[in-house]
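Right, one structure below, let's go through it.
In the working numbering, the protein residues as written are 6 to 336.
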């Protein structure tokens, strides 16, 4: 079977990585790229470089990767759907849920593959963690807490930290727990002089009763990407920067050293750091997109799932504005 002809629109920081990975994935052929601002990172090579999505479509593509600013997602996605082109859209799916609904309908009504680039689902540490939770290694899950902190990325201008960064944690939390959000309470602040928020603290509860906590900001001098899942048998800690996964087991052996017991806690047990295969998440994501197009079993993040994450993000922002607990719409 001939390779799928892929077009890429958006050649910024993420676009350059997509271009590299598309070229590496079996079954894909990158045939054209587009960006109204040109090719700042020189990723086009000898490929045609176009200025808009219309020219990209005219190049005869089967699928496209959309890595443009969020406010352009709806316009480009709808045009791709109209042309019968499958699409992988960087997260968030769109700027707001109304636009997301239109995009979901456009792809669903034409039976096209639409996917959202929630790349954390393809991180080796989180893939291993989800499999271990599903296998019952943690027992009942009580809480999922995340920390996603770091300096401000100058490339982001059209959304705040909730839609740009916290959507990662919202999506991975619901995915790990295999349950949607029921409610959220949040506080935000804007300290960098921008229109949008640059720090958020979120407390939530999933429909299955798991409680959640997310600390996300663009104001920290250090970069941190940590997910902690606590349950009846202990706690898993996933560091998605290094793709490391560690299990802290509830203890079964009592200590006779009273001062140490009081300091450490009476149920501290063994700590296990797992050896896991570490494939590049972006490549695994592209392979899932390819498999979905070809009708194979795939774990691609669907447009519907991307929309559900956006609904939660909007509930977070509503909660922060109104200083109240907000229920998340049932999808």
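Just so you know, even glycine gets a beta-carbon here, dropped at the ideal spot from N, CA and C.
- DSSP, reduced to helix, strand and coil, places residue 88 outside both helices and strands of the structure shown, so it counts as coil.
- Contact check for residue 166 against residue 121 fails: the beta carbons are separated by 9 Å or more.
- Note on residue 99: 16 or more other CB atoms within 10 angstroms of its CB, so buried under the neighbour-count rule.
- Shown here for residue 145: same chain residues with a beta carbon closer than 7 Å to its own, the five before and five after excluded, namely 236, 237 in chain order.
- In the structure shown, the three-state DSSP call for residue 33 is strand.
- In terms of Cβ geometry, residue 66 and residue 41 do not form a close pair [threshold 9 Å].
- By the neighbour-count definition (other C-beta atoms within 10 Å, threshold 16), residue 177 is a buried residue.
- The alpha carbon of residue 141 has as its nearest neighbour, out of 169, 118, 181, the alpha carbon of 181.
- DSSP places residue 310 inside the alpha helix (DSSP H), whose first and last residues are 308-327.
- Here residue 250 has 130, 133, 134, 241, 243, 279, 281 as same chain residues with Cβ atoms under 7 Å from its own Cβ, once five neighbours each way along the sequence are excluded.
- Positions of the beta strand (DSSP E) runs, each at least 3 residues long and wholly inside the region 101-158, are given as 119-122, 146-154 in order along the chain.
- Partner residues in the beta bridge of residue 242, as assigned by DSSP, are 233, 251.
- The beta carbons of residue 277 and residue 91 sit no closer together than 9 Å.
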